[in-house]
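Just so we're aligned: the sequence shown equals residues 0 to 117 in numbering that gives the first Met the number 0.
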Amino acid sequence: MADAVRVDSWLWAVRVYKTRSAATTACRAGHVRVNGDKAKAAQQVRIGDELRVRIAGFDRILVVRQTLTKRVGAPLAAAAAEDRTPEREPVAQIAVRDRGAGRPTKRERREIERLHGR
């Protein structure tokens, strides 16, 4: 186990991103912060560093507990990162259809009814 590893490699190894190239792209786009500063893909992370990763419009806060360079199983990946992400409040969804979209399909109608709680 290394003392420090690349941030994109670690994010991939602990299963935050599906591929290492996706982790690299997120770093380039500025979606990854290490200890509050924007991180480049090659930046080194060490045990105790705090990472803020923006995924799907929400931030995940992770603390490095173990440095990994290779992708490992889910139980080992969970042990390597401490998740300090606060719980999100459920967002009420409303069914909105585009005007002139025509009659909803059976699938769309069921989704609309599920959103309305029927």
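Positions of the beta carbon are idealized from the N, C-alpha and C atoms, including for glycine.
Computed from a predicted structure; not experimentally measured.
Give the straight-line distance between the Cα atoms of residue i and residue j, rounded to the nearest whole angstrom.
i	j	result
Glu86	Ile60	11 Å
Leu75	Arg117	41 Å
Arg51	Ala25	11 Å
Arg64	Ile93	40 Å
Val71	Tyr16	13 Å
Ala55	Leu67	24 Å
Asp48	Val62	6 Å
Using only CA atoms, which one of the options lies nearest to residue i?
i	options	result
Ala40	Gly29, Gly47 and Glu49	Gly29
Run through DSSP, which three-state label would residue i get?
i	result
Trp98	For clarity, residue 98 is Arg in the given sequence; the question names Trp instead. If DSSP states are grouped into helix, strand and coil, Arg98 belongs with coil.
Asp48	coil
Gln111	Sequence inspection shows Ile at residue 111; the Gln mentioned does not correspond to that position. Helix, per DSSP.
**Study point:** Cβ pair count under 8 Å reaching 3, the stretch 28-43 against the stretch 92-107
**Key:** no
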